[in-house]
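Take a look at the structure set out below.
Protein chains: 2
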Amino acid sequence: CCSCGLRSEPGVRLSRRGALGPTGLRGEGHLSKRKGRKMKFLFLIAFIHLLPQCTGKPLRWDDCHQHTFKEIKREIAGYSDIAKAIINLAVYGNAQNRSYERLARFVDTIGPRLSGSKNLEMAIKYMFSVLQEDGLENVHLEPVKVPHWERGEESAMMLAPRNHSIVILGLGSSVATPPEGITAEVLVVTSFDELHKRAQDAKGKIVVYNQPFINYKETVKYRLLGAVEAGKVGAVASLIRSIASFSINSPHTGWQQYQSDVPKIPTACISVEDAEMMARMSSRGTKIVVTLKMGAKTYPDTGSFNTVAEIVGSKYPEQVVLVSGHLDSWDVGQGAMDDGGGAFISWEALSLIKDLGLRPKRTLRLVLWTAEEPGGVGAEQYYQLHK
Amino acid sequence: CCSCGLRSEPGVRLSRRGALGPTGLRGEGHLSKRKGRKMKFLFLIAFIHLLPQCTGKPLRWDDCHQHTFKEIKREIAGYSDIAKAIINLAVYGNAQNRSYERLARFVDTIGPRLSGSKNLEMAIKYMFSVLQEDGLENVHLEPVKVPHWERGEESAMMLAPRNHSIVILGLGSSVATPPEGITAEVLVVTSFDELHKRAQDAKGKIVVYNQPFINYKETVKYRLLGAVEAGKVGAVASLIRSIASFSINSPHTGWQQYQSDVPKIPTACISVEDAEMMARMSSRGTKIVVTLKMGAKTYPDTGSFNTVAEIVGSKYPEQVVLVSGHLDSWDVGQGAMDDGGGAFISWEALSLIKDLGLRPKRTLRLVLWTAEEPGGVGAEQYYQLHK
């Protein structure tokens, strides 16, 4: 998941140069007339992918006016047989389960792939190699400087009102505590508003945010800005209820942002359950004391790559339809869902078209971003270089 | 949850001495005629609680013949106004949220309460005190010898095909590994059948059970007997996929059973995800090597208590309607659900009746069991002493 507060949705993306119409596949396909409903579903999906380009803020508004929805629909309808062939290959043919198996082998072999880590480097080499083996064109790497932050050892222990080991997950880019940790009283708040009202109470405390979960976009502000807001009022650390509706003792992590004019304080997420417990204790007037230890380290930015592969277009090779996902993940999982799934489905899209001997009119470009988790670093550089 | 493979359901239980009819409450209550549907619901619940006594194996079959369902239904219907008063007090009156707040304070104050622990001792003292404060009758403790097992430090690290920290939770009563741990190759099986067929392969290995989750009763056999079955074929340890449909990196624990004629090997649960990953690796012919370290210790049985409180019956005081839950919990949670909820709802049942100045015909007895998790130890002793 990205640090901007909006979950990235893997799938078809148009590059700045891309035309709004479909790729325009060329190829033979004689298929049965069954699966009509599946086709309709595919059209719907394709349509949904195209829709935001015209309803939201378009990349190039003038392009939007080149094609009406009706024209796009008519053009897509012309690819019915090809779409059937793709679906048959993916769902019933040799490619059945292929993407899942590729992904499983990848995550099982490499494991977690945090920005700047050796594992991410391995992952990029692995993908470079398998994309070449897959026979895709223009397989290459585009260098990117990426953040390199390491979690280190971390723990939190409640000392009062009773001993209780609080499970934490440090937030990406957090500074460390001193080696002996930070021991301080806790101030529980449910919002930034409450924190500002109780600014006098926050000085020297560990601020615990027990914000209710509204939705990801709304609630993730506490993860992103919790340390900054607590730092402004003199807190010594911040612990943030995971941006989730429940936790099963598994706090979440994610990137967070310091501001240059605010003291940098260590910050981590805690489980929903521990946040609620501390809120209950606090509401009874019970004094809570916690020792927080975090050994996080930020190293200099390190070399990494966006990984690129293509099927070059036959008619408009300079027009690029971009499919993408990111290869980096968090360090506490395998990144199978976020974003291995997106990356491997994007790769599969190219594989299926190649396997059927199809050649699109426009170039299909797969980009496997690096360092999405620390703020879409690979994608931002790609945008700057390719706009 | 209990170690027998059947989740205990807190609620009304009839003692061996108990009559099958309802408690028989006596008291005034003039209530509005609204909430008719709620009454019906209450009757249904009461009826459902009584039903198994006659449909399953009855405790005393002859008692069952003393009351027909019709008679029971008629008798229950006579308490309509009293039931309304109880519901109003619990849902809209002074007792609103009381049980939740009592439970929250209890679990927040005491924390986890494993059989044999100081925390369980504190919990029993706490309950003895608050049940007296609540004005209940015959508040007393009945001594029970209970198991005392402690988890200690535990960890598992995959060394091949790659370094990966496997999150584990040792199973209750498991023996420890040597201090340096056990390092061995893994054999992944999906069932006891497969283990027996591959018995030759299991010798000297760490058996990983990747059994599919069917339901708790069916699947929990692997947790209960996994170590014994692996021990029979010469395995050095067993790791068992959590008895759950998914894990979020949080393996489960629970009690397990050794057999006297089978070597005792250390055993722990792992997450569903790690079990599936090892199964995938194994299916590709990849050699998996794991180091397992467990510092578990079994101490001599320790003194504990069933905690008892009553409202003595006015007409048949010797006939006892028993409501119960267990005070002990696992060491890795607070036991708010299992079984704080059951225990505190049972207490609430007595509190509500007492608060309304009602006096049942039969004795209402609250028993807060000790040491349910290691196999219903407190309840078993109560049964032996009171049958």
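Just so you know, the sequences run in chain order A and B.
Note that the first sequence covers residues 1 to 387 in the UniProt record's numbering.
Note that the second sequence covers residues 1 to 387 in the UniProt record's numbering.
Just so you know, even glycine gets a beta-carbon here, dropped at the ideal spot from N, CA and C.
Shown here for residue 131(B): same chain residues with a beta carbon closer than 8 Å to its own, the five before and five after excluded, namely 139, 307, 309, 347 and 366 in chain order. Residues of chain B whose Cβ lies closer than 7 Å to the Cβ of residue 104(A) are, in chain order, 280. Residue environment analysis places residue 164(B) among the buried positions, since at least 16 neighbouring C-beta atoms fall within 10 angstroms of its C-beta. Considering only 249(B), 262(B), 219(B) and 243(B), the residue with the shortest C-alpha distance to residue 236(B) is 262(B). For the segment 238 to 250 of chain A, the set of positions with a beta-carbon nearer than 7 Å to some beta-carbon of chain B reads 248, 249 and 250 in chain order. Taking all protein chains shown into account, residue 214(A) has fewer than 16 neighbouring C-beta atoms within 10 Å of its C-beta and is therefore exposed. Interface flag for residue 164(A) against chain B is set, since a Cβ pair is found closer than 9 Å. As DSSP reads the structure, residue 298(B) sits in a beta bridge with 149(B). Among the residues of chain A, those whose CB is under 7 Å from the CB of residue 111(B) are 162 and 164, following chain order.
Note that the segment 103 to 112 of chain A does not touch the segment 288 to 307 of chain A; fewer than 3 beta-carbon pairs, one per stretch, sit closer than 8 Å. Residues of the UniProt domain "Peptidase M28" (306 to 384) of chain B that bring their beta carbon within less than 7 Å of a beta carbon in chain A are absent altogether. For residue 202(A), same chain residues with a beta-carbon under 7 Å away, outside a window of 5 residues either side, are 187, 195, 230, 233, 234 and 235 in chain order. Taking a contact to require three or more Cβ pairs closer than 8 Å, the segment 278 to 292 of chain B and the segment 328 to 341 of chain B do not qualify as touching. Identification of chain B residues near residue 277(A) by a Cβ-Cβ cut-off of 7 Å yields 108, ordered along the chain.
Between residue 324(B) and residue 371(B), the gap from beta carbon to beta carbon reaches 9 Å or more. Closest by C-alpha distance to residue 206(B), out of 89(B), 80(B), 156(B) and 105(B), is 156(B). Burial state of residue 368(B) is buried, judged by a 10 Å Cβ sphere holding 16 or more other Cβ atoms. Beta-bridge partners of residue 158(B) (DSSP): 164(B) and 290(B). In the three-state reduction of the DSSP assignment, residue 305(B) falls in the strand class. Between residue 181(A) and residue 253(A) the beta-carbon gap is near 19 Å, outside 8 Å, which marks them as no contact. Cα atoms of residue 374(A) and residue 303(A): separation of roughly 14 Å, rounded to the nearest angstrom.
Bridge pairing for residue 237(B): 206(B) [DSSP]. Nearest neighbour of residue 216(A) by Cα position, chosen from 210(A), 288(A), 301(A) and 244(A), turns out to be 244(A). In the three-state DSSP reduction, residue 316(B) falls in the strand class (E or B). The segment 106 to 143 of chain B contains, as complete alpha helix (DSSP H) runs of 4+ residues, the segments 118 to 133 (chain order). For residue 198(B), the nearest beta carbon of chain A is not closer than 9 Å to its own beta carbon.
For the pair residue 224(B) and residue 255(B), the CB atoms are nearer than the 9 Å cut-off.
Inter-residue distance for residue 321(B) and residue 349(B) is about 12 Å (C-alpha atoms, whole angstroms). For residue 284(B), the nearest beta carbon of chain A is closer than 9 Å to its own beta carbon.
Per DSSP, residue 185(A) is one residue of the beta strand (DSSP E) stretching across 182 to 189.
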